[in-house]
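Student:
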Amino acid sequence: MCTKVWGRQDCYNVFDPITSQVQTAQQTPKHYGITSPISLALPKEADLVLARKLTETLRPFAVFEEELELQRRILVLGKLNTLVKVWIREVSEVKNIPASVIDNVGGKIFTFGSYRLGVHTKGADIDALCVVPRHVERSDFFSSFYEKLKEQEEVKDLRAVEEAFVPVIKLSFDGIEIDILFARLALQTIPENLDLRDDGLLKNLDIRCIRSLNGCRVTDEILHLVPNIENFRLTLRAIKMWAKRHNIYSNILGFLGGVSWAMLVARTCQLYPNAVASTLVHKFFLVFSKWEWPNPVLLKQPEDCNLNLPVWDPRVTPSDRYHLMPIITPAYPQQNSTYNVSASTRAIMVEEFKRGLAITDEILQNKADWSKLFEAPNFFQKYKHYIVLLASAQAEKQHLEWVGLVESKIRILVGNLEKNEFITLAHVNPQSFPGPKEGTDNTMWVIGIVFKKMEGSENLNVDLTFDIQTFTDTVYRQAISSKMFEQDMKITAMHVKRKQLQQLLPKMAIQRSKRKASVHLLLCKYAEQSFQNVEQNAFIAVDATKPDNVGTSSSNAPRKGAAPLKRSASPVQHDSEKKAKVDSVQQNPQPSPCLSAGPAGPASPLENEMSKKAKVEEVKDNVKSNVFFFFKLYFQHCANFVLYTLFNPIINITYKVWTVSKKCN
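Each residue of the sequence shown is one higher than the one before, counting from 0 in numbering that gives the first Met the number 0.
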């Protein structure tokens with residue numbers, strides 16, 4: 000079936016989100032990818048049955064959109080496309096463009112991302128690109144087109160982000176969230192059959208337009224580089240849902256984003272061109288659990304268009320050699336879509352690939368169902384130690400901007416923690432949580448920490464002050480340079496143990512039965528006794544409104560290569576004469592919900608919440624301790640009484656016998 004998709008005629012329906020039936024793949028002589036396929040085997044009946052079961056397992060997760068919702072999206076995009084054409088004609092008339100040109104000036108809305116790939120979920124937003132001819136300026140897009148959108152009754156929540164790395168207009172059109180990018184081509188008119196994959200379109204464009212075009216070009220290339228679109232889509236839906244359930248779906252936090260997962264699935268499809276989705280999901284885990292990183296994943300051989308644009312090439316660019324998990328976009332200029340991946344995030348993802356392979360092995364052997372693959376592991380039971388980050392601000396708008404900035408820099412903190420010689424892994428949960436309400440809006444993130452087990456160290460102090468301050472200085476410096484910093488914007492960081500998370504997080508986040516909870520508390524008690532070489536508590540509070548006042552903890556084993564904290568002004572203080580106060584980071588073998596070794600000051604909302612709950616827990620612990628002590632004495636007394644009653648007559652008789660025998664002798 001041929002469908003017109005905002006600028007190109009394709010003989011497949013990119014809007015169809017549901018694979019109504021699993022199509023049997025046919026062998027094709029066309030070669031896909033940079034290597035020969037691993038297998039050309041056709042699917043068996045058992046594979047088709049498993050593919051249908053996979054589709055049914057995915058339905059409860061709302062990954063498929065209903066036909067009515069789909070038609071509504073198409074209608075909205077049609078209205079937006081018409082609006083763009085009308086706007087371009089008006090701008091052309093204002094700029095005195097000849098009437099003969101205006102009649103054919105064109106202009107078009109293209110889509111990209113998950114919607115263009117046909118794998119969007121219910122309620123997902125649409126990524127769109129507005130392509131205009133050369134006489135329409137970017138300033139027109141953010142002025143006259145913005146005003147035209149404002150006049151539309153269906154448009155709500157309209158906002159322009161002109162200074163972003165990729166400038167965008169965000170809006171809600173008839174209840175559907177849409178992000179619109181802008182690209183001005185060096186063409187007099189925009190034809191209806193324009194193919195954005197044409198590299199010649201990049202000539203004489205500014206870098207912002209090239210970035211805006213990149214999303215559409217990459218998405219279109221992916222669709223042209225897979226053997227079977229429907230099998231690719233169902234496989235990608237399954238892998239994306241699996242990644243989200245296992246907390247490894249977030250480009251900004253150092254995991255993989257949507258386009259990266261799409262390229263990994265596309266490469267699997269190239270290696271097994273005739274396989275159906277059930278087989279492809281298994282092969283996905285097989286291939287990438289054994290992939291020898293940092294060898295790059297490529298869908299096609301890179302091409303040089305002689306446009307002097309920067310491309311990913313470790314032979315030329317030294318910084319590209321340090322990328323840990325390169326997945327290269329297929330469209331020129333080729334880029335690494337996973338430059339945020341760190342050593343920790345790569346290790347976490349590879350481990351999840353291995354678990355996925357083990358589960359899909361069981362599924363193919365009919366020892367498990369697909370539902371097992373999508374079971375969400377309990378992140379809050381996985382590690383013994385966590386760092387909780389809290390971003391707070393007074394006004395709601397300021398809080399949204401502040402949270403966005405802090406989240407975009409968390410990967411810097413993860414990188415700092417990885418460099419600490421006492422930390423082997425730092426795993427940030429992509430999901431954020433509402434923080435305690437103390438008159439401000441708060442958002443929390445949780446980072447799981449694995450400490451190295453140091454032999455021969457009974458009491459080890461780990462100083463994280465330098466790691467935290469480097470992160471907070473970066474955030475505050477960025478906030479100040481972008482002129483969004485406000486006095487009430489704060490970051491708080493706290494080290495907590497596993498059992499203390501329930502005092503901070505919503506009950507829905509930590510789901511466990513009473514039986515599991517009691518067993519867990521016993522395990523925690525024994526774990527604490529056997530884990531004395533790793534500190535049990537640390538508290539770091541960073542307050543942007545306080546003057547420079549840094550306390551450093553004494554460390555029995557100072558971190559190698561770590562520069563000591565100085566009392567001179569940080570880069571933040573140079574810019575704004577405001578200095579972040581960093582309390583000392585001291586890990587202690589004695590459990591304490593909140594330990595602050597720095598100077599006294601107003602407590603943060605996180606500290607207040609922990610303090611209140613810690614007092615309650617302390618009272619409970621005291622009551623339990625007293626009751627336990629009472630019963631201990633009682634049972635000891637009973638045991639002594641029983642022993643005395645039983646053995647006293649025997650002892651007396653024995654003594655008398657011994658006395659008589661002695662006299663006889």
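We put the CB at the ideal spot given by N, CA and C, even for glycine.
All of these numbers come straight from a predicted model, not from anything done at the bench.
From M324 to P332, what does the alpha carbon distance come to, in whole angstroms?
Tutor: Their Cα atoms are separated by approximately 19 Å.
Student: Looking at S277: is its Cβ nearer than 8 Å to the Cβ of L41?
Tutor: Contact flag unset, no.
Student: Let's see if you can read the secondary structure: which residues bound the alpha helix (DSSP H) around V135?
Tutor: Counting along the chain, V135 falls outside any alpha helix (DSSP H), and DSSP gives it neither H nor E.
Student: How close, in whole Å, do the beta carbons of G434 and S391 come, if the pair is a contact with beta carbons under 8 Å?
Tutor: About 7 Å; that satisfies the 8 Å criterion.
Student: Using DSSP's beta-bridge definition, name the partner residues of V130.
Tutor: In the DSSP output, where bridge partners are listed per residue, V130 has K107, A182.
Student: Compute the Euclidean distance between the alpha carbons of M0 and P226, then round it to the nearest angstrom.
Tutor: The predicted position of M0 is uncertain, since its pLDDT is 38 and thus under 50; no value can be drawn from it.
Student: For the alpha helix (DSSP H) holding T464, just list the boundary residues, first then last.
Tutor: Note, T464: alpha helix (DSSP H), 464-480.
Student: Since F140 and C215 should fall inside the 8 Å C-beta cutoff, what is the C-beta to C-beta distance between them, to a whole number of angstroms?
Tutor: Contact doesn't hold; Cβ gap of about 16 Å is too wide.
Student: Is it true that the segment 228-239 meets the segment 124-141, where meeting means three or more beta-carbon pairs spaced less than 8 Å apart?
Tutor: No, the segment 228-239 is not in contact with the segment 124-141.
Student: Starting from S171, follow the beta strand (DSSP E) in both directions and report where the run begins and ends.
Tutor: Start and end: 167-172.
Student: Use the C-beta contact count for G105: other C-beta atoms within 10 angstroms, 16 or more gives buried, fewer gives exposed.
Tutor: Its Cβ being crowded by 16 or more others within 10 Å, G105 is buried.
Student: Going by DSSP, which residues form a beta bridge with D440?
Tutor: Answer by DSSP bridge pairing, in chain order: A392.
Student: Please confirm whether I358 has its beta-carbon closer than 8 Å to some beta-carbon of chain D.
Tutor: Going by chain labels, chain D is absent from the structure shown, which holds only one protein chain.
Student: Can you round the beta-carbon distance between W198 and C304 to whole angstroms, since I take them to be within the 8 Å contact cut?
Tutor: The amino acid occupying residue 198 in the given sequence is Asp; Trp does not appear at that position. Confirmed, Cβ separation roughly 5 Å.
Student: Roughly how many whole angstroms lie between the Cα atoms of R137 and N428?
Tutor: Cα to Cα, R137 sits roughly 38 Å from N428.
Student: Can you tell me which of L116, N419, R71 puts its alpha carbon nearest to the alpha carbon of W260?
Tutor: Of the candidates L116, N419, R71, the one whose C-alpha sits nearest the C-alpha of W260 is L116.
Student: Please determine, among L49, L39, R497, G32, the residue with the shortest C-alpha to C-alpha distance to T234.
Tutor: The candidate whose alpha carbon is nearest that of T234 is L49.
Student: Under 8 Å, with one C-beta from each stretch per pair, do the segment 255-270 and the segment 357-366 reach the 3-pair mark?
Tutor: No, they do not touch.
Student: CB R183 to CB V135, shorter than 8 Å?
Tutor: Yes, the Cβ-Cβ distance between R183 and V135 is below 8 Å.
Student: Give the straight-line distance between the Cα atoms of V13 and L69, rounded to the nearest whole angstrom.
Tutor: Low per-residue confidence applies at V13: pLDDT is 35, beneath 50, and the placement is therefore not dependable enough to give any value.
Student: Here's the rule I'm using: 16 or more other beta-carbon atoms within 10 Å means buried, otherwise exposed. How should D319 be labelled?
Tutor: Under this definition D319 is a buried residue.
Student: At which residues does the beta strand (DSSP E) containing A123 begin and terminate?
Tutor: No beta strand (DSSP E) holds A123; DSSP gives it neither H nor E.
Student: Near R210, what residues of its chain come up, given a Cβ to Cβ distance below 6 Å and the 5 sequence neighbours on each side ignored?
Tutor: Here the set comprises V165.
Student: Taking the Cβ atom as the reference point for each residue, do L170 and L180 lie within a distance shorter than 8 Å?
Tutor: Going by C-beta atoms, L170 is not nearer than 8 Å to L180.
Student: Alpha helix (DSSP H) containing L306: first to last residue?
Tutor: No alpha helix (DSSP H) holds L306; DSSP gives it neither H nor E.
Student: Find the nearest neighbour of I467 within the set R207, E454, K149, I490, judged by alpha-carbon distance.
Tutor: Considering only alpha carbons, the answer is I490.
Student: Tell me which residues share the same chain as K400 and place their Cβ nearer than 6 Å to its Cβ, disregarding the 5 neighbours each side in the sequence.
Tutor: Reading off the sequence, residue 400 comes out as Glu, not Lys. These residues qualify, in order along the chain: M483.
Student: What is the DSSP secondary structure of T34, reduced to helix, strand or coil?
Tutor: If DSSP states are grouped into helix, strand and coil, T34 belongs with coil.
Student: D440 and E395 look like a contact to me (Cβ under 8 Å); what is the Cβ gap, rounded to whole Å?
Tutor: Yes, they are in contact, since the Cβ atoms of D440 and E395 sit about 6 Å apart, within 8 Å.
Student: Rounded to whole angstroms, what's the CA-CA distance from E417 to I347? Just pull it up for me.
Tutor: Going from the Cα of E417 to the Cα of I347 covers about 13 Å.
Student: Which term fits P97, buried or exposed, when burial requires 16 or more other beta carbons within 10 angstroms of its beta carbon?
Tutor: By the 10 Å Cβ count, P97 comes out exposed.
Student: Buried or exposed: V340, going by 16 or more other Cβ atoms within 10 Å of its Cβ?
Tutor: By the neighbour-count rule (16 or more Cβ atoms within 10 Å), V340 is buried.
Student: Mapping the DSSP letters down to three states, classify G253 as helix, strand or coil.
Tutor: Looking at G253 - three-state DSSP - the assignment turns out to be coil, as it is neither helix nor strand.
Student: Skipping 5 residues on each side, what residues in its chain have a beta carbon closer than 7 Å to that of P313?
Tutor: So the qualifying residues of the chain are D319, R320.
Student: Thinking just about the alpha-carbon of each residue, which of H322, A342, R345, S343 is nearest to the one in N335?
Tutor: Measuring from the Cα of N335, the nearest candidate turns out to be H322.
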